[in-house]
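I have placed the structure first, in the form of structure tokens, so that the comments after it can refer back to it.
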Amino acid sequence: MQRADRHEEVTATLEWPKPLSAQALKAVKTVLLGVLVITALVQIVPFQVLGGLANNLFTIILILSWAGPARRYFRRRAEERNRERNEGPAAEER
């Protein structure tokens, strides 16, 4: 009889795990979705090709990052040249 009492005490102390909060479940769902997308990409396109694409994309982004300042520089130079032409000898005769 004592043995049965001990068994009941042990089972009485066991508790069910607490459920995760909705925020934690959403985070787990997002991580699993990301893993699924990466796995699908690796299955469709090998890593070597992805590396090459990333390298080309970085190069394009680098070139585009210089395009804006270069355009402003050349526009400013063109405006200065136009101003010099308009203020040249013909402008002095007026």
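Position one of the sequence shown corresponds to residue 0 (numbering that gives the first Met the number 0), numbered consecutively onward. C-beta: ideal position from N, C-alpha, C; glycine also. Source: prediction; values computed, not measured.
Query	Result
Looking only at its own chain, which residues have a Cβ that is under 7 Å from the Cβ of Glu83, when we skip the five neighbours before and after it?	none
Provide the residue span of the alpha helix (DSSP H) that contains Glu79, from first to last.	46-85
In whole angstroms, give me the CA-to-CA distance for Val41 and Ala77.	49 Å
Give the DSSP-derived three-state secondary structure of Lys17 in the structure shown.	coil
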